[in-house]
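Number 594 in full-length UniProt numbering belongs to position 594 of the sequence shown; there are no gaps in the numbering.
Before any comments, here is the structure.
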Amino acid sequence: PLFYVSTCVCLNPFPSESSSVCFAFFLGLVGHAIVSAGMIAYGGAFTSAYRGALETSWVSKLREMKIPHTSGCNLRQFLGDPMKVRQWTVAGLPKDELSVENGIIIDRSRRWPLMIDPQSQANRFIKNMGKASDQGFETCKLTDGSFLREMELSVQFGKWVLIENVTESLDPSLEPIFLQQKIKDSQGWCVRLNDKLVPWSPHFKLFMTTANPNPRYPPEVFAKLTVLNFSITPEGMEEQMLGLVVSLEAPELEEKKNKLVVNNAKMKKELKSLEDKILQLLSQSQGNILEDEVLINTLAASKRTAAEVNQKVREAEATEKEIDSAREWFCPVAFRASLLFFCVVDLANIEPMYQYSLQWFQALVAMGIQEVPATNDKSKRLQDLSDHITYLIYENVSRSLFERHKILFSFSLGLKIQAKHPVDHQELRFLLTGPTGEAAVGEANPTTWLSDKQWEGIRALSALPAFAGLDSFFLENSEAFKVVYDAGDAHEEPFPDRWNDLTPIQKMCILRLIRSDKLIDAAVNYVASELGQRFVYPPTFDLARSYKDSTNVTPLIFILSQGSDPAASLMSFAKGMNMGRRFESIALGQGQGAKARKLIEEACNRGGWVLLQNCHLAASWMTELEKLCDGLNQEEVHRDFRLWLSSMPSRDFPVSILQNGVKMTNEPPTGLRANLLRLYASIDDRTLDSSKKPEEFRKLLFAFCFFHAIVQDRRKFGPIGWNIQYEFTTEDLVVCQRQLRIFLDSYDEVPYKVLIFLGAKINYGGRVTDDHDKRLIECILQSYVNEHLIEEGSAYKFSSSGLYYCPDATDQAGFVKYIQSLPMNPNPEAFGLHENANINFAQIEGMNLLNSILSMAPRSSGGGGKTREQVVEEAASQILEKLVDDFNIEEIQKKYPTRYEESMNTVLTQDAIRYNGLLRVMKKSIVQLRMALKGRIVMTEELDKVADALFDNQVPKLWADKGFLSMKPLSSWTKDLHCRISFIQDWIDNGIPVCFWMSGLFFPQAFLTGVLQNYARKHMIAVDGLVFDYKLMDDLDPAAVKEHPHEGCYVHGIFLEGSRWDREQHLLAPSKPKVLFEELPVVWLLPTPERAPSTTRMYKCPIYKVPSRKGALSTTGHSTNYVISIELPTSDPEAVSIKAGVAGFLSLQD
């Protein structure tokens, strides 16, 4: 090249512009080569933004070291061949910079490419290129039975091979191919595969793709293969959408642009041919080149031609700029479509069944553009396109979402689009994560109605610019916000003073702190104001619409929920479409795969419908189903053929089917009234009169139906409803109904005890595993199935309001009429719960919404100009700084040796050892994480999860597994950890506490056993015969207690839910409105050998570590959550507290 450039310059005393550019390019060759080599070797796995940052840093280093280079040097400029790039784009490679760079790396790299390809763009591109190649093309998966045989043949005959759906673990047998370990023999090159020498063709090419958007490959994979990130970028998506919009709105523009691109590529190819011809002549010239007439004439002709071509190129580029300027008019629509796509794709983080392909999305956008009525007003046309596409996407995606996720999708759309109010990243982060870090010391809580934790949140929120002065406002006007706090519809109540001018998201930040139960309502209002009221009401289930959107090769998928069965609806629809006789159905399970395959093949030929039910039960056959769906050819399959699938959510369900299929959900109605109506829709008068005792049967059947609806709908209240969310089914009720008829017909008197035992212990109780849930379900059934129901009839009320009872009806219509009179949304009293249960339920829903949005949010920025890495580094440093040194176990054992008469010494030592284990894990992981963030060690999957948790203000699983059970966010958890360690340190420094803070104990069950052991050893009696007597010391202040009790111990730190302790009456009393938890007074745990049964009413109240209540049996034989049950005096029957879900907790959730 140097000889060529020098010759050109010598032959032409007035060098052309191209010669100057060529010469400058040559001088910067070294710098260009360094940047391009670095990008090929290291940049493939990174995103577009990170690659750009890498190139910028490398160019800066080149400048610093004075290595020759031209400004803006990059991979595409140095190694990109315009003609090749054009061929690639024709084959389906996206036109954005990231994809073109990936194409260049594939073309230039010596290692085989492994492509991260969640949207199947690379897959489609490689398939199109492979089909156009002369060597032949094979597509396979690592799970194929004939996979190795196909690889051998491809290596031997020089075929291109695409391995799809590669997992994080690669097949070791392919190692020689990955490393290209060729061996020379007499026949040529060969490679050893499974102890077999296979001839190696120089034309062989290997490509691999994975649909996993974030695979965790070990470093050795990066050494063997070229890992490429083909995940679509917002810029790339916008460019694709712009091309789609322009091709439909102004096809002449897009066609003209495409022709220009082709012509430009041809002209540049012509220039390249001229250069090659000159180089060839120069290399073949002998003697003095200035005397070579052929060469001189060729150079002169090429100069004229080059000038003409360059002139045309400049004209074409100018025209292309004009066209691009015209195309920019449609950019707002393309930008909106790009936002919508990423919002839809992020749903997969919530539920693995929510998968949508790029091709499906593009087809939907194209359909939306064609549906919008034409108008001459261009601005209105753009707005109409954006609005219609947005609603069309919302409508189509909503029908495939569960009810609980529909408002989530609407809210995420609003946050993405920000149609009216821009959203600040810092404010959104506060809304999603709450206060992060420990609160600095500041003014005391000025209100009587806010908790200290809420006040800390107000102070943290005041640090954001938009909320500056909020804490001062509370200090000066402590009651101003109380109107909002007390309002029934707090989300619609005007805020005081200037705070009413805040944006909807800013108001939600304040609501999160003072009325988190209204977050869902506030989110609904936000969606309605940003996007419109229609985005609040999702479309109803419409089988006909879903069928209309399908084709003969598009599967239709029912995503099931508990209690939903679409088979009957589909059969009815098939009859309406005259497909009843050509409709086949099969429930998948063991051994049904061959039958299902045969049904599909027959239906493809004759144009039938096939329903494969319960695909989640045939996980091993899903690969075969995926092959069948991939093999469907629209031209070969009968046009009437449809494949219907139903499945519960499952990670085994093929992603490709989900992405390309039409998904639907049809959940059964929820709520007490809807459940009862659904049950009585399947009961007729004949059933009601089918017993020999029809009156008793009708009443008791209603009681069982009411019981079924109650236990189903009680789940919505979370842990206060059921410790564990059980999946009760209609079949449970059907069995109870049959047994009821049998026992009524077989006995003269109604066997209530037998019916209750069978219902609560067997039919429904067989699913119940938690002891306290077993007590609850029996108590609920006893409330409805008893002699009072038969004797009093409608006068016997099921709840305190008197709304719920068994009507004195004699036919199905009478029962339905009564059920229709019931409220749509029953109050908690219908379930025996306190009114606060609604607040608890709303808070759980609101926090679930925010946590789901958080899991969908990108992790590239932490707001306030900080990157994710900076936020994580800052959080890790703050935590590490405040961590104390490990407890000195040897010193503790010296000061508190193991003694027979003092078990508390052992409890202290064991708790100190456990806290040490947690502290060591925290310190080690934080140090490693900080090193990984700086690139000193590999960022493992474990460390990456720790980083994600720190960014989201959540406790890392690594710490939670080693630590104490907690439901607090990270900022509160670290504060709680310091309090616990201080409690242990105070015990070490000052001796056994006078009053134990039970919340600070790592293993409270061991502490309780120690108290019993001390008493047993002191009095020389068997510990197995001891029980606790519980005395609530209303007059004792934990901080003021100075002396130990003569027996047992004092404890505090127990919080009550579902009820409160009345210090004046010394009894359990109903909770105060909006006060969900109240702390019990000091409890005296007094070991007693033989305690006589109490003559007063007592409630055996379970105590748990955290409000989730759910626990598992640990290796120690104790529950991971349940601690003990204490007896609390009450004026009501025990059943009242049982149904109210009254329980105590050692630690609360913020």
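Backbone N, C-alpha and C define an ideal beta-carbon position, used for all residues, glycine too.
Taking residue 489 as the centre and dropping the five residues before and after it, the same chain places the C-beta of 518, 521 closer than 8 Å to its C-beta, in chain order. Residue 491 and residue 511 have their alpha carbons spaced roughly 7 Å apart.
Closest option to residue 588, judged by alpha-carbon separation, among 128, 615, 405, 89: 615. Taking C-beta atoms as the reference points, residue 584 and residue 543 fail to come closer than 9 Å.
When secondary structure is reduced to three states using DSSP, residue 199 falls in the strand class. Here DSSP, grouped into helix, strand and coil, assigns residue 1033 to strand.
The three-state secondary structure of residue 227, taken from DSSP, is strand. For residue 425, the enclosing alpha helix (DSSP H) has its first and last residue at 425–433. Straight through space, the alpha carbons of residue 617 and residue 987 are spaced by roughly 55 Å. Collapsing the DSSP output to three states places residue 586 in a strand. Linking residue 815 to residue 677 through their CA atoms gives a straight-line distance of about 9 Å. Using a 10 angstroms sphere on the CB of residue 507, the tally of other CB atoms reaches 16 or more, which defines it as buried. Under a 10 Å Cβ-count criterion, residue 1023 is classified as exposed, with fewer than 16 other Cβ atoms of the shown protein chains found around its own Cβ.
When the alpha-carbon of residue 273 is set against those of 385, 81, 826, the nearest one is in 81.
Counting along the chain, the unbroken alpha helix (DSSP H) around residue 678 starts and ends at 672–681.
When the beta-carbon positions are compared, residue 1098 and residue 1064 stay at least 9 Å from each other.
Taking a cut-off of 8 Å for Cβ pairs, the segment 884–901 and the segment 911–926 touch, as three or more such pairs fall below it. For residue 185, there is no enclosing alpha helix (DSSP H); the enclosing beta strand (DSSP E) has its first and last residue at 182–185. The bridge partners DSSP lists for residue 642 are 609. If you ignore the 5 residues before and after residue 1100, its C-beta comes within less than 7 Å of the C-beta of 1125, 1127, all in its own chain and listed in chain order.
With contacts defined by Cβ atoms closer than 9 Å, residue 365 and residue 384 do not form a contacting pair. Between residue 599 and residue 707, the C-beta spacing is not below 9 Å. When rounded, the separation of the alpha-carbon atoms in residue 169 and residue 143 is 12 Å. Looking at the backbone, the Cα of residue 709 and that of residue 213 are separated by about 42 Å.
Every unbroken stretch of the beta strand (DSSP E) spanning 3 or more residues and falling wholly within the segment 1056–1083 is given here in chain order: 1060–1062, 1067–1069, 1077–1079. Distances from the alpha-carbon of residue 538 to those of 396, 963, 464, 516 put 396 closest. Contact between the segment 33–46 and the segment 69–81 is present, with at least three C-beta pairs closer than 8 Å.
Around the beta-carbon of residue 1057, 16 or more other beta-carbon atoms lie within 10 Å, marking it buried. Nearest C-alpha to residue 431 among 784, 401, 467, 449: 467. Linking residue 1004 to residue 1051 through their CA atoms gives a straight-line distance of about 11 Å. Residue 532 counts as exposed, since fewer than 16 other C-beta atoms from the protein chains shown sit within 10 angstroms of its C-beta. Residue 669 and residue 349 have their C-alpha atoms some 26 Å from each other. Shortest Cα-Cα distance from residue 1007 to any of 703, 978, 904 involves 904.
In the DSSP assignment, residue 1135 falls outside any beta strand (DSSP E) and lies within the alpha helix (DSSP H) extending over 1134–1139. Here residue 662 is bridged, per DSSP, to 556. Remark: C-beta atoms of residue 188 and residue 94 do not approach each other more closely than 9 Å.
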